[in-house]
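The structure under discussion appears below in the form of structure tokens.
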Amino acid sequence: MRYIYLISILLLTTSIVPYKNIIIPKYDAAYVEVSSVQYKNEQYNVICMKRKDEKIKVKYFAAADFNGNNVYKRYGNWSAGKNIVLVSSGTYMDNNYNPVGLAIDNGICVNKTLSNDFDGLVIVYATGGMVASNLKDGDLTVKGGNVDNNKKLDIRGSAWDFQTFIKWAQDQEATVFQTHLLVYKNGLKISGINSSVKTAERRFLAVCKDDSGNIIHVIVNRPDHTTLYEGAKNTLDFLNNYKDMEVIFMINLDTGYQDVFQFYNKDGTINSTIKGQKDLSTAINLLAYYFE
Amino acid sequence: MTLKKIIGITALLLITIALSLFLRIIMKVDYSCSIPVEQVCNNEKSYFIADHLKNINKTNLLDSFPYTWYADSANRCNINSIKKDLAVLDSINPTGIGGDNQQLLSIALTNKLEEKIKPEFEKYNPDGLIKVLQWAEKFNYYSDIEEKNATLYQVTYTYWLTFISNKLSDYYKIDQSLKYNFKFKYLNARCKEKQFGAPINNSNTEKIINNLIENNWTYLFSRFWNDSDILIKLIGLIALLVVFIPYLIIYRIIKKNKQ
């Protein structure tokens, strides 16, 4: 009888205590601000994350690793013990769940094709910072490594520069992905003429500068269905004129096939102001913001 | 005309349209699977790069190199020939060994060569792309065995694999049915194998099928409801009726017979 008791207690304990990856996100609320705003008769759900003091950091998972761990599993292992602010699906993928365009994950090449379709190249540094470059301008600069920090790399125009960049990303364990560059240096980069006419809920990631020059990463969710062009144009107007922010760059976050988004309150509970329709486990790539 | 006849004719019409679309795709597919035989490189060298570099010194080498002549004349198939050309450049510009000289030759073997062969690829040309692949993929192996010139070889390899991948993507944008062709599939698979994936995406129908397989019913309904205009919604409703009314009729007949 005693053994039965012991086994029952053991079973009960293992069933109620998750054995790993207990994610209890907690962060300093002074760095994260959430709001829902009506601007020009349109709804904007906004999460602002201040990069001041570099406490809010970014991590991107571009693909499964070579050990067969999918993005969800990788995220699970990585996020254990971390204070997650939000997690979202990232950029585009093809029907084989491979990222479209150049993708380097933590220094490992996932897709080496520099696509002609996307002008945005996003670099997520191992230190948690994120920058973007317009490939059309051919003036990409990188920090660290054996590359001259002032050298402007034209990775689309020069095969040599492209190779230099790949080598740099590998050495620095950087994460790189290509995407639609919707706004760059506060100017709209998407055209209303040759962009898709499909309407959908839109979600954008904008890296902005406030009037004091502080860098703020902003997630803007547009629940109303709009085209990518209309959504981007109106969001730029909203950020410029309602939030008084200058947009350094703005990219699209997938709300289609992999609509994953989870935002946590400061105490670790889930905030439903912005929520994706798909479960986190279905994510093909993930962009995570965390507090450290 | 009775309701049953209307439903019957509509169903027949829908099936005919679906079948014709299906047949159209099948008829367009290129079933040819004869892959071009890989070219054997000869050792002949009918040109002397040094003759074309007489008035060039290390200060004007990058701007004055005869790129067009090199793209036309060089024996780029033979790696030994390329190495000899590099050795000549190294003798003219010793400070550029391992750097500038390799970069110069890389321009000749990438951008300038592309300018020369670009017209061949304006239209879908799978055989041409396969030949480029056969030539370019060797550079990856050269870089493994010859560290000294590895950067030049990697630059050339990466450039041309990217070229092939982007070309597949461009052709696919014009004609999506190309993805059913054997040579297109072959090239796409080879590019993926080398991690130069082209975004050969699903058509809307294929996306629906994928979502059905994954039981994403709410997502499918949400996309249908929010993104389709009234005409599509109406067609959807008719299609739904065409599927369900025959069941209803059968049910009523069975019920009537039981009574």
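First to last, the sequence lines map onto chains A and B. Mapping to this note's numbering: the first sequence position 147 is 152, numbers consecutive. Mapping to this note's numbering: the second sequence position 35 is 41, numbers consecutive. Glycine included, every Cβ here is placed at the ideal spot set by N, Cα and C. The structure displayed is predicted, hence computed values, not measured ones.
- Residue burial classification, A/Lys283 (beta-carbon count within 10 angstroms, cutoff 16): Along the first sequence, read from residue 1 onward, the residue named residue 283 of chain A stands at position 278. By the neighbour-count rule (16 or more Cβ atoms within 10 Å), A/Lys283 is buried.
- Query: Hey, is B/Gln109's beta-carbon within less than 8 Å of any beta-carbon in chain A?
  - Reply: Here residue 109 of chain B corresponds to residue number 103 of the second sequence, with the count starting at 1. True, the Cβ-Cβ gap to chain A drops below 8 Å.
- Taking the DSSP output, what are the residues bridged to A/Cys213? Here residue 213 of chain A is taken as the residue at index 208 of the first sequence, counted from 1. Answer is A/Ile221, A/Val252.
- Message: Quick check: A/Ser94 and A/Gly236, are their CB atoms within less than 8 Å of each other?
- Response: As a working mapping, residue 94 of chain A is identified with position 89 in the first sequence. As a working mapping, residue 236 of chain A is identified with position 231 in the first sequence. No, the Cβ-Cβ distance between A/Ser94 and A/Gly236 is not below 8 Å.
- Item | Neighbouring residues, chain A, relative to B/Gly203 (Cβ below 7 Å) | In the second sequence, counting from the first residue as 1, residue 203 of chain B sits at position 197. Those are Asp99, Asn103, Asn116, Thr118, listed as they occur along chain A.
- is_contact[A/Gln168, chain B] using C-beta, thresh 8 Å: As a working mapping, residue 168 of chain A is identified with position 163 in the first sequence. So, interface residue.
- Item | Span separating the alpha-carbon of B/Ser25 from that of B/Phe127 | Mapped onto the second sequence, residue 25 of chain B falls at position 19. Mapped onto the second sequence, residue 127 of chain B falls at position 121. Before going further, note that residue 25 of chain B is Leu rather than Ser in the sequence given. Their Cα atoms are separated by approximately 33 Å.
- Item | Option in B/Tyr53, B/Tyr73, B/Cys197 with minimal Cα separation from B/Glu121 | The residue given as residue 121 of chain B occupies position 115 in the second sequence. Per the Cα distances, B/Tyr73.
- Residues of chain B with a CB under 8 Å from the CB of A/Ala137: which are they? As a first step, residue 137 of chain A must be located in the first sequence, where it is residue number 132. The contacting residues do not exist; A/Ala137 stays about 20 Å from chain B at best.
- Message: Let me see if you follow: with CB-CB separation under 8 Å, is A/Gln177 close to chain B or not?
- Response: One-based indexing of the first sequence puts residue 177 of chain A at position 172. False, the Cβ-Cβ gap to chain B never drops below 8 Å.
- Message: Can you check whether the C-beta of A/Asn290 is within less than 8 Å of a C-beta belonging to chain B?
- Response: Translated into positions along the first sequence, residue 290 of chain A becomes position 285. Chain B contact via Cβ: absent.
- Message: What does the alpha-carbon distance come out to for the pair A/Ser200 and A/His185?
- Response: Start at 1 with the first residue of the first sequence, and residue 200 of chain A comes out as number 195. Start at 1 with the first residue of the first sequence, and residue 185 of chain A comes out as number 180. Cα to Cα, A/Ser200 sits roughly 11 Å from A/His185.
- Item | Within chain B, the residues that A/Ala164 reaches when beta carbons sit closer than 8 Å | In the first sequence, the residue the question calls residue 164 of chain A occupies position 159. Chain B residues near A/Ala164: Ser112, Ile113, Thr116, Asn117, Val161, Thr162, Thr164, Tyr165.
- Any Cβ of chain B within less than 8 Å of the Cβ of A/Asn226? Within the first sequence, the letter at position 221 stands for residue 226 of chain A. Answer no: the Cβ-Cβ gap between A/Asn226 and chain B never drops below 8 Å.
- Under 8 Å between C-beta atoms, does A/His230 make it to chain B? What you label residue 230 of chain A is simply residue 225 of the first sequence in a count that begins at 1. Yes, because at least one Cβ of chain B sits closer than 8 Å to the Cβ of A/His230.
- Query: With 16 as the cutoff for other CB atoms within 10 Å, does A/Gln263 come out buried or exposed?
  - Reply: What you label residue 263 of chain A is simply residue 258 of the first sequence in a count that begins at 1. Result: buried.
- Query: Shorter than 8 Å from the beta carbon of B/Asn207 to some beta carbon of chain A?
  - Reply: Taking the first residue of the second sequence as position 1, residue 207 of chain B is located at position 201. Chain A contact via Cβ: present.
- Message: Quick check on A/Gln168: does DSSP put it in helix, strand or coil?
- Response: As a position in the first sequence, residue 168 of chain A is number 163, starting the count at 1. Note: A/Gln168 maps to helix in three-state DSSP.
- Task: Could you name the residues of the same chain whose beta carbon sits closer than 8 Å to that of A/Tyr80, not counting the 5 residues immediately before and after it, in chain order?
- Result: Residue mapping note: residue 80 of chain A aligns to position 75 of the first sequence, counting from 1. Phe66, Val92, Leu285, Ala288, Leu291, Ala293.
- Query: Just how far apart, CA to CA, sit A/Asp216 and A/Lys248?
  - Reply: Counted from its first residue, the first sequence places residue 216 of chain A at position 211. Counted from its first residue, the first sequence places residue 248 of chain A at position 243. Those two C-alpha atoms are separated by around 10 Å.
- Message: Only counting the same chain, and skipping five residues up and downstream in sequence, which positions put a Cβ closer than 7 Å to that of B/Ile251?
- Response: Locating residue 251 of chain B in the second sequence gives position 245, where the first residue counts as 1. The residues are Ile13.
- Item | Segment contact, 8 Å Cβ cut-off, at least three pairs: the region 224-233 of chain A with the region 168-176 of chain A | no
- Message: By alpha-carbon positions, which one of B/Leu92, B/Lys198, B/Gln201, B/Thr168 ends up nearest to B/Asn155?
- Response: Against the second sequence, residue 155 of chain B aligns to sequence position 149. For B/Asn155, the nearest C-alpha among the options comes from B/Leu92.
- By the criterion of Cβ-Cβ separation under 7 Å, what are the contact partners of A/Asn121 in chain B? Your numbering for residue 121 of chain A matches position 116 in the first sequence. Correct list: Asn172.
- Note down, in chain order, every chain A residue with its Cβ under 8 Å from the Cβ of B/Thr22. In the second sequence, counting from the first residue as 1, residue 22 of chain B sits at position 16. Simply none; closest approach about 29 Å.
- Using a Cβ-Cβ cut-off of 8 Å, state whether B/Tyr225 counts as contacting chain A. The residue given as residue 225 of chain B occupies position 219 in the second sequence. Yes, B/Tyr225 counts as interfacial toward chain A.
- Item | Cα-Cα separation between B/Asp96 and B/Leu167, rounded to whole angstroms | Here residue 96 of chain B refers to the residue found at position 90 of the second sequence. Here residue 167 of chain B refers to the residue found at position 161 of the second sequence. Cα-Cα distance, rounded: 27 Å.
- Item | 6 Å Cβ shell around A/Val39 - same chain, five flanking residues per side excluded | Within the first sequence, residue 39 of chain A is the residue found at index 34, counting from 1. Correct list, in chain order: Ile52, Thr278.
- Task: Compare the C-beta of B/Thr211 with all C-beta atoms of chain A and state if any pair is closer than 8 Å.
- Result: For the purposes of this step, residue 211 of chain B is identified with residue 205 of the second sequence, where counting begins at 1. Not one chain A Cβ lies under 8 Å of B/Thr211.
- Would a check of beta-carbon distances place A/Asn26 closer than 8 Å to chain B? Mapped onto the first sequence, residue 26 of chain A falls at position 21. Model confidence at A/Asn26 stands at a pLDDT of 48, short of 50, so the residue's coordinates are unreliable and nothing is read from them.
- Take B/Ser87 and list the residues in its own chain whose beta-carbon comes closer than 8 Å to its own, dropping the five residues that flank it on each side. Counted from its first residue, the second sequence places residue 87 of chain B at position 81. Asn49, Lys51, Ala80, Asn81.
- Message: Does chain B have any CB closer than 8 Å to the CB of A/Gln282?
- Response: The residue given as residue 282 of chain A occupies position 277 in the first sequence. Taking Cβ atoms only, chain B reaches closer than 8 Å to A/Gln282, which makes this a yes.
- For A/Asn103, count neighbouring Cβ atoms within 10 angstroms of its own Cβ and tell me buried if that reaches 16, exposed if not. Here residue 103 of chain A corresponds to residue number 98 of the first sequence, with the count starting at 1. It is buried - the Cβ of A/Asn103 has at least 16 other Cβ atoms within 10 Å.
- Message: Nearest by alpha-carbon distance to B/Leu19: which of B/Asn263, B/Lys261, B/Ile241 is it?
- Response: In the second sequence, the residue the question calls residue 19 of chain B occupies position 13. With distances taken between Cα atoms, B/Leu19 lies closest to B/Ile241.
- Boundaries of the beta strand (DSSP E) in which B/Glu153 is found, first to last residue: In the second sequence, residue 153 of chain B corresponds to position 147, counting from 1. Taken as a continuous stretch (DSSP letters only), B/Glu153 belongs to no beta strand (DSSP E), as it is neither H nor E.
- Expressed to the nearest angstrom, what Euclidean distance is found between the alpha-carbon atoms of B/Arg30 and B/Ile23? Locating residue 30 of chain B in the second sequence gives position 24, counting from the first residue. Locating residue 23 of chain B in the second sequence gives position 17, counting from the first residue. For B/Arg30 and B/Ile23, the distance between alpha carbons rounds to 11 Å.
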